[in-house]
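Here the structure is laid out as structure tokens; the discussion comes afterwards.
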Amino acid sequence: MTDMTMLTGTPGALPDPQARVFDSTEAPADPTVLRALNRAAADTDLAAPPVVLPDFHHKRDLEMPSSIAVATRATVRPEFTSPSVNCGMALLALDIDVPGEAALHRYFDEIRRRYPHPPRWRWELSLTDVLACAETGAEFGVDRYGLHPEALERIEEGGRLDLDRYGGLKRLRRELPALSLQLARLRFGTIGPSDHFVELQQVEEILDPQAAAVLGVAAGQLTLQYHAGGGQLTGQVGRLFARRQKMSRPLAATMLINRPLAHLATARSAAQIRERLALYFTGGCPVIPVEGTEGERVLLANAAAMNYGFAFRTATYGTLTALARDVLGAREVRLIVDSPHNSIYEEDIGGQRAIVHRHNSCRAYPASKMTPGTAFGTVGQALLVPGTHRTSSYLCVAADGAEGSLYTACHGAGTIIDQFAASGRSGQDGRHRTTLRFRYRQDGPTAVPQLDDRGVDEALAILSRNGLVKPVARLHPVAVLN
């Protein structure tokens, strides 16, 4: 770890804008990308130094690098997270053995039938449903799909942020354009290709028996990991309150209508119009003061978007559970964890309120910060360190040292795995195993040779060596749809 700064210091002193970097000689943070992040943070009201985690890299269509956490004291800065909050990953535990290829084919066929790509343009929700998602979050999905209420304990924040502290649902309906809410009726619970996936895995090794027992995983067990977005409302909210680089043509067209409706049509004075023009209609992402009307508006919209995302991914959980029962014969399907990796939260940093922005990184709260008497309150918040469909992934829990990373861990190791493979430091799996890979536009699967775990193990080693997480179980891929 390149420890340039500490997270605590003289009261009232401004934190050093130089990032605190968690890396290694085998997987160093890219210095060019690091300089860009440090420049962006230089004039920021930091509550603590920015944090850089393993798998640090910069995608061209995003303002900031992946695998970061930035805490500000008095402003919301959308550029430090994704344009669509509450993209996340979840892990389910099934009570069946590894299925044969024919059963796998039927299962993934049914997923593709339910969630085709390109997705269908049809209403999945009513407007009343959309508002319920925005207000009640994952509770909506639990009720709609008949899931066990205990699943809410395994979802970050219980799957629901409080809207009332920012004005409630009534105010949200005034602040968000009707078109944004109507578009949120579409494509609910979908997964899609790219880096989103549904992967069946087997628990190959238990690394912490006590934590594994509390979480409900055992050696040889079949698990299902999926990576899905937060849905249409999250994309709408993210672009209403910032001019983002990542913007499809249809989304850009809706913003031509929705942004003036959201910000100008609702303004109450000429001064408010001028303020909103400066914030939302100039280039780049705004700096929005937390105190005042604009701070309340963006935090209300963000909370509603996070809630909608929780409901969205709970719907995915419900669908995958029903198909596992109908097609694979599973009797019990339990949620182990659902973990967002793009978020904006109000959190306590150094004894004071801060706005914590996480971009392609996940919250990692140790047991001391979780609800007593729950699984996470016993062993720490569960989180996933995925590899790729060619390597193992890890189920972990947050450790006490996570305070040093703004209670944050990386959300994967794909870039490190690719770098290790390209440099020859990683090669084929020693047992010559393959993953059955299903695609959306290809009927049958392809057997893809697996790699060794050196890349994902390096990412995990950085996290565990610095006391951020404790590994619980290693999960090995069986089949994937991506």
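Oh and the sequence shown: position 452 is 451 in numbering that gives the first Met the number 0, straight run, nothing missing. Positions of the beta carbon are idealized from the N, C-alpha and C atoms, including for glycine.
Over what stretch of residues does the beta strand (DSSP E) that includes residue i continue unbroken?
i      : result
Ile348 : 341–348
Thr233 : That residue, Thr233, is in no beta strand (DSSP E); its alpha helix (DSSP H) goes 231–239.
Arg275 : From DSSP, Arg275 is part of no beta strand (DSSP E) but of the alpha helix (DSSP H) over 269–279.
Asp54  : 50–56
Phe196 : 196–205
Thr493 : Residue 493 is absent from the model: the chain starts at 0 and stops at 481.
His410 : It is not in any beta strand (DSSP E) - His410 carries neither H nor E in the DSSP assignment.
By the 10 Å Cβ neighbour count, where 16 or more other Cβ atoms means buried, how is residue i classified, buried or exposed?
i      : result
Arg179 : The amino acid at residue 179 is misidentified as Arg; the sequence shows Ser. It is buried - the Cβ of Ser179 has at least 16 other Cβ atoms within 10 Å.
Leu255 : exposed
Arg464 : exposed
Ala408 : buried
Glu198 : buried
Asp22  : buried
Glu290 : exposed
Ala401 : buried
Ala39  : buried
Arg243 : buried
Leu299 : buried
His226 : buried
Pro30  : exposed
Using DSSP with H/G/I as helix, E/B as strand and the rest coil, what is residue i?
i      : result
Phe490 : Outside the displayed span of the chain (0 to 481) sits residue 490, for which this structure offers no information.
Met5   : The predicted position of Met5 is uncertain, since its pLDDT is 35 and thus under 50; a value taken from the coordinates is nonetheless stated next. Coil.
Ala469 : It should be noted that the sequence gives Lys, not Ala, for residue 469. Strand, per DSSP.
Ile95  : coil
Pro148 : helix
Val114 : Checking the sequence shown, residue 114 turns out to be Tyr, not Val. If DSSP states are grouped into helix, strand and coil, Tyr114 belongs with coil.
Asp442 : strand
Arg432 : coil
Asp417 : helix
Tyr106 : helix
Tyr165 : helix
Pro476 : strand
Ala70  : strand
Gln351 : strand
Leu180 : helix
Ala381 : strand
Ala366 : helix
Ala397 : strand
Arg357 : strand
Tell me the residue span of the alpha helix (DSSP H) that contains residue i.
i      : result
Val455 : 453–464
Leu130 : 126–135
Tyr307 : 292–322
Leu262 : Contrary to the premise, residue 262 reads as His rather than Leu in this sequence. Counting along the chain, the alpha helix (DSSP H) containing His262 begins and ends at 248–262.
Thr377 : 374–378
Leu214 : 208–214
Hey, does residue i have any beta-carbon neighbour from chain D nearer than 8 Å?
i      : result
Tyr225 : This model lacks chain D altogether; it includes just one protein chain.
Item checked: Three or more C-beta pairs below 8 Å linking the stretch 146–157 and the stretch 260–280 -> With the cut-off at 8 Å, the stretch 146–157 and the stretch 260–280 do not touch.
Check: Taking one C-beta from the stretch 302–319 and one from the stretch 123–140 each time, how about it: are there three or more such pairs within less than 8 Å?
Finding: With three or more CB-CB distances shorter than 8 Å, the stretch 302–319 counts as touching the stretch 123–140.
Next item on the list: Spell out a yes or no on whether the stretch 181–193 and the stretch 373–383 are touching, meaning 3 or more CB-CB pairs, one atom from each, closer than 8 Å.
Entry: No, because fewer than three Cβ pairs between the stretch 181–193 and the stretch 373–383 fall closer than 8 Å, the two stretches do not touch.
Next item on the list: Check whether the stretch 355–370 touches the stretch 383–401, counting contact only when three or more Cβ pairs, one atom from each stretch, lie closer than 8 Å.
Entry: The stretch 355–370, when compared against the stretch 383–401, does touch it at the 8 Å Cβ threshold.
Next item on the list: Report yes or no: do three or more beta-carbon pairs, one from the stretch 231–239 and one from the stretch 296–308, lie closer than 8 Å?
Entry: Yes: the two stretches touch, three or more of their Cβ pairs being nearer than 8 Å.
Checklist line | Sufficient close CB pairs (3 or more, under 8 Å) joining the stretch 137–148 to the stretch 161–179 | finding: Contact annotation: the stretch 137–148 does not touch the stretch 161–179, with fewer than three C-beta pairs closer than 8 Å.
Checklist line | the stretch 415–422 contacting the stretch 466–478, beta-carbon criterion three pairs below 8 Å | finding: No, the stretch 415–422 is not in contact with the stretch 466–478.
Next item on the list: Count the C-beta pairs between the stretch 56–65 and the stretch 204–211 that are closer than 8 Å, then say yes if the count reaches three, no if not.
Entry: The stretch 56–65 makes no contact with the stretch 204–211; the number of CB pairs closer than 8 Å stays below 3.
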